[in-house]
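K.L.:
2 protein chains.
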Amino acid sequence: MAKQNTVFKDAFNRCLKLLAETSALPSEPELGTTLGVSRTTIRAILTRMEELQLIAWDKRAKVVLRQPKAEDYYPAEETDSLSDIIERSFMRRILAGGAEPGMQINELELARDIGTGTTSVREFLIRFSRFGLIEKRPNSHWILKGFTREFALELTEVREMFELRSAASFAALAPDHPAWNDLDRIEALHHEILADIDNRYKEFSELDERFHLLVHTSSSNRFIVDFYDIITIVFHYHYQWNKTNARERNARALEEHLDYIAALRSRDPVKVETACRKHLKSARETLLQSIQ
Amino acid sequence: MAKQNTVFKDAFNRCLKLLAETSALPSEPELGTTLGVSRTTIRAILTRMEELQLIAWDKRAKVVLRQPKAEDYYPAEETDSLSDIIERSFMRRILAGGAEPGMQINELELARDIGTGTTSVREFLIRFSRFGLIEKRPNSHWILKGFTREFALELTEVREMFELRSAASFAALAPDHPAWNDLDRIEALHHEILADIDNRYKEFSELDERFHLLVHTSSSNRFIVDFYDIITIVFHYHYQWNKTNARERNARALEEHLDYIAALRSRDPVKVETACRKHLKSARETLLQSIQ
DNA sequence: TTTTTGTCTTTTATCTACAATAGACAGTTT
DNA sequence: AAACTGTCTATTGTAGATAAAAGACAAAAA
Numbered sequence: 071m072a073k074q075n076t077v078f079k080d081a082f083n084r085c086l087k088l089l090a091e092t093s094a095l096p097s098e099p100e101l102g103t104t105l106g107v108s109r110t111t112i113r114a115i116l117t118r119m120e121e122l123q124l125i126a127w128d129k130r131a132k133v134v135l136r137q138p139k140a141e142d143y144y145p146a147e148e149t150d151s152l153s154d155i156i157e158r159s160f161m162r163r164i165l166a167g168g169a170e171p172g173m174q175i176n177e178l179e180l181a182r183d184i185g186t187g188t189t190s191v192r193e194f195l196i197r198f199s200r201f202g203l204i205e206k207r208p209n210s211h212w213i214l215k216g217f218t219r220e221f222a223l224e225l226t227e228v229r230e231m232f233e234l235r236s237a238a239s240f241a242a243l244a245p246d247h248p249a250w251n252d253l254d255r256i257e258a259l260h261h262e263i264l265a266d267i268d269n270r271y272k273e274f275s276e277l278d279e280r281f282h283l284l285v286h287t288s289s290s291n292r293f294i295v296d297f298y299d300i301i302t303i304v305f306h307y308h309y310q311w312n313k314t315n316a317r318e319r320n321a322r323a324l325e326e327h328l329d330y331i332a333a334l335r336s337r338d339p340v341k342v343e344t345a346c347r348k349h350l351k352s353a354r355e356t357l358l359q360s361i362q
Numbered sequence: 071m072a073k074q075n076t077v078f079k080d081a082f083n084r085c086l087k088l089l090a091e092t093s094a095l096p097s098e099p100e101l102g103t104t105l106g107v108s109r110t111t112i113r114a115i116l117t118r119m120e121e122l123q124l125i126a127w128d129k130r131a132k133v134v135l136r137q138p139k140a141e142d143y144y145p146a147e148e149t150d151s152l153s154d155i156i157e158r159s160f161m162r163r164i165l166a167g168g169a170e171p172g173m174q175i176n177e178l179e180l181a182r183d184i185g186t187g188t189t190s191v192r193e194f195l196i197r198f199s200r201f202g203l204i205e206k207r208p209n210s211h212w213i214l215k216g217f218t219r220e221f222a223l224e225l226t227e228v229r230e231m232f233e234l235r236s237a238a239s240f241a242a243l244a245p246d247h248p249a250w251n252d253l254d255r256i257e258a259l260h261h262e263i264l265a266d267i268d269n270r271y272k273e274f275s276e277l278d279e280r281f282h283l284l285v286h287t288s289s290s291n292r293f294i295v296d297f298y299d300i301i302t303i304v305f306h307y308h309y310q311w312n313k314t315n316a317r318e319r320n321a322r323a324l325e326e327h328l329d330y331i332a333a334l335r336s337r338d339p340v341k342v343e344t345a346c347r348k349h350l351k352s353a354r355e356t357l358l359q360s361i362q
């Protein structure tokens with residue numbers, strides 16, 4: 071195989087959902103915009119839908135013939151892009167498995183393990199290396215530096231520098247800046263989740279990311295915003311393998327966020343710094359606790 | 071061709087220099103350590119040297135038969151690694167050429183231009199993307215974000231944050247820390263160059279990198295140290311295309327470095343911050359001036 | 001016993017090929 | 001006139017193949 075057709079499969083599945091809601095599909099360019107793919111892919115989707123007798127397609131007319139059934143969908147595991155698969159597989163190995171710092175990483179072995187070509191694995195490792203967890207020895211192997219205490223400390227040191235600065239610039243944003251509306255929505259979600267914390271505490275992780283990303287974005291500095299990718303990936307995978315006291319931890323973090331949001335609203339630099347530092351401190355402790 | 075044999079050619083050239091200094095070469099493992107390559111490459115070098123009748127090689131005996139001549143060396147352009155070639159070629163396009171922000175980058179075109187395969191270009195672009203000058207649109211092209219004023223401002227903002235913190239930790243290093251010795255050597259070089267500034271001002275660029283890298287390294291934070299790569303590459307290529315007033319600029323920067331070094335030695339946090347800020351400010355101005 | 005060499009295997013770096021996807025353009029429909 | 005479709009071309013993403021380089025191990029030499 072040359073290229074995976076995951077873009078097609080994923081867009082096809084999403085298109086099935088659109089189809090369930092109408093009696094006829096819109097034009098090809100419009101579908102393309104809606105699904106975020108090119109017309110070529112849209113036409114492949116329409117062709118497939120015609121084959122499955124889901125629609126009758128003649129030029130502009132795309133009449134829905136029947137509702138999609140479960141078996142019309144492509145299985146979820148076929149719609150993930152190869153790089154996502156590699157990422158997940160790799161993170162499982164280094165975070166969950168007994169991966170010792172200093173261990174060598176073998177491109178060929180990794181590729182065979184995941185069932186993919188070496189090119190994709192190699193490109194993944196190059197992209198991933200900016201996260202500081204692995205290092206390349208040219209003409210030789212990669213070295214796993216490991217998800218260690220030092221790593222976590224170095225990561226949080228930079229994070230704190232960046233976030234304090236971003237929070238300060240957030241507080242200085244013009245009152246009509248759209249970020250304030252985003253902040254409103256995020257704050258509302260905090261209240262919703264807190265009101266039903268026992269059932270919804272798992273939604274924290276995603277909300278946390280959204281909130282901090284919003285703060286970082288207000289720095290208008292690509293290096294600061296890009297750095298948040300590292301935080302995201304670390305926390306994302308990290309939470310998957312460390313679920314002790316998740317409910318309490320998340321509840322506490324939500325409260326801290328609300329204080330932090332209130333401080334931002336006050337636009338008082340001192341309050342902002344205090345609330346930000348307080349939350350970052352407990353975030354750091356949470357991360358460190360789960361390493362040892 | 072599969073892999074370029076630039077490692078071999080470069081090591082061969084370096085080995086010729088060793089050969090000029092002795093009457094017999096050492097053992098294979100020792101040569102390997104000296105030149106930083108594997109025994110496989112060493113044996114290829116020895117085989118080639120035998121063919122050229124530079125040495126008589128029988129097991130442990132590697133007797134030098136004649137001195138190397140100019141034509142024994144591989145030409146310099148064949149010893150550069152492919153990624154260096156791609157980097158240079160790419161940087162010339164985006165810094166020197168009329169590369170407009172927003173321009174699309176075409177992997178295939180770039181590869182044909184440089185005379186290499188697409189894989190290498192692709193890997194270069196992935197590695198390079200962390201510098202924030204280009205951005206990938208999946209399944210589509212790369213976008214050049216451009217070496218703009220905003221880029222320079224964002225870069226220097228982070229640089230200043232990192233360097234101020236690194237300078238503070240440098241000043242707090244134990245008196246017997248090896249970094250102080252490195253600092254001595256660097257300071258001495260500053261005096262040497264200043265004493266003969268008219269002839270040696272071009273050496274500033276390399277010394278500047280060495281000095282700031284030393285400071286950043288004392289942060290013991292991989293993210294801070296890695297970030298310095300971006301500074302290095304930007305300043306490196308930047309100086310190549312902007313040489314106006316180089317002598318004066320460099321002389322001034324050298325003086326600022328000396329103040330900065332003296333402040334570090336004083337271990338007084340206030341002095342360090344003042345000297346560091348002052349130098350960073352003029353470095354930023356220099357960079358910004360050359361953009362507009 | 002320690003180091004070196006001969007030989008062999010494994011892994012990386014790179015090229016080429018090809019399906020998937022994007023995108024351009026002209027002709028057609030509303 | 002504006003938007004849409006049919007058709008074609010160009011580019012990306014990925015696999016597979018291969019030379020270069022690294023590295024392992026046993027036999028040989030010091």
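Protein sequence lines, in the order shown, are assigned to chains P and U.
Counting from 71, one number per residue, gives the positions in the first sequence under the working numbering.
Counting from 71, one number per residue, gives the positions in the second sequence under the working numbering.
Cβ atoms here follow ideal geometry from the backbone N, Cα and C, with glycine treated the same way.
(1) Nearest chain U C-beta to Thr117(P) closer than 8 Å, yes or no?
(2) So with Cβ pairs under 8 Å, would you call Leu296(U) a contact of chain P?
(3) Just tell me which of Glu257(P), Ala72(P), Asp142(P) has its CA closest to the CA of Cys85(P).
(4) Use the C-beta contact count for Leu358(U): other C-beta atoms within 10 angstroms, 16 or more gives buried, fewer gives exposed.
(5) Using the beta-carbon of each residue, which ones in chain P are nearer than 8 Å to Thr189(U)?
(6) Give the residues of chain P in contact with Asn209(U), contact being defined as C-beta atoms less than 7 Å apart.
(7) Just grab the DSSP bridge partners of Val134(P) for me.
(8) Hey, Val134(U) and Val107(U): beta-carbon distance below 8 Å or not?
(9) If contacts are defined as beta-carbon pairs under 8 Å, then Glu177(U) and Val191(U) qualify, I think. What distance do you get, rounded to the angstrom?
(10) State the start and end residues of the unbroken beta strand (DSSP E) segment that holds Ile213(U).
(11) Leaving aside the five residues before and after Ala90(U) along the sequence, list all residues of the same chain whose C-beta is less than 8 Å from its C-beta, in chain order.
(12) Could one say the Cβ of Val285(P) lies closer than 8 Å to chain U's Cβ atoms, at least one of them?
(13) Give the residues of chain U in contact with Ile196(P), contact being defined as C-beta atoms less than 8 Å apart.
(14) Give every residue of the same chain whose Cβ lies closer than 8 Å to the Cβ of Arg113(P), excluding the five residues on either side of it in the sequence, and list them in chain order.
(15) Hey, does Glu227(U) have any beta-carbon neighbour from chain P nearer than 8 Å?
(16) State the CB to CB distance for the pair Val342(P) and Ala237(P), rounded to an integer number of angstroms; the pair is presumed to be in contact (CB under 8 Å).
(17) With a threshold of 8 Å between beta carbons, is Met71(P) in contact with chain U?
(18) Taking 8 Å as the threshold, find out whether the stretch 154–169 of chain P comes into contact with the stretch 300–320 of chain P through three or more Cβ pairs.
(19) Which residue's Cα is closest to the Cα of Tyr144(P): Phe240(P), Thr226(P), Asp80(P)?
(20) So what does DSSP say about Gln74(U), is it helix, strand or coil?
(21) Please confirm whether Gly172(P) has its beta-carbon closer than 8 Å to some beta-carbon of chain U.
(22) Below 9 Å between beta carbons is the criterion; list the residues of the stretch 291–324 of chain U that meet it against any residue of chain P, in chain order.
(23) Would you please verify whether the beta carbon of Glu224(U) is less than 8 Å from any beta carbon of chain P?
(24) Could you tell me whether the Cβ of Gly102(U) comes closer than 8 Å to any Cβ of chain P?
(25) Report the three-state DSSP secondary structure of Ile164(U) (helix, strand or coil).
(26) Among all the DSSP beta bridges, which residues are the ones paired with Lys206(U)?
P.N.:
Quick look at the numbers:
(1) no
(2) What sits at residue 296(U) in the sequence shown is Asp, not Leu. Asp296(U) counts as touching chain P.
(3) Residue nearest to Cys85(P) within the set Glu257(P), Ala72(P), Asp142(P) is Asp142(P) (criterion: CA-CA distance).
(4) exposed
(5) Thr189
(6) Val77
(7) Ile125(P)
(8) no
(9) 5 Å
(10) 212–214
(11) Short of 8 Å from the beta carbon of Ala90(U), and not among the five residues preceding or following it, lie these beta carbons of its own chain, in chain order: Gln137, Pro138.
(12) no
(13) Glu193, Ile196, Arg197
(14) Glu98
(15) yes
(16) 5 Å
(17) no
(18) yes
(19) Asp80(P)
(20) Residue state for Gln74(U) is assigned as coil, using DSSP reduced to three classes.
(21) Not a single CB atom of chain U sits nearer than 8 Å to the CB of Gly172(P).
(22) Asn291, Arg292, Phe293, Ile294, Asp296, Phe297, Ile300
(23) By this cut-off, Glu224(U) is an interface position.
(24) With 8 Å as the cut-off, Gly102(U) does not count as an interface residue toward chain P.
(25) helix
(26) Trp212(U)
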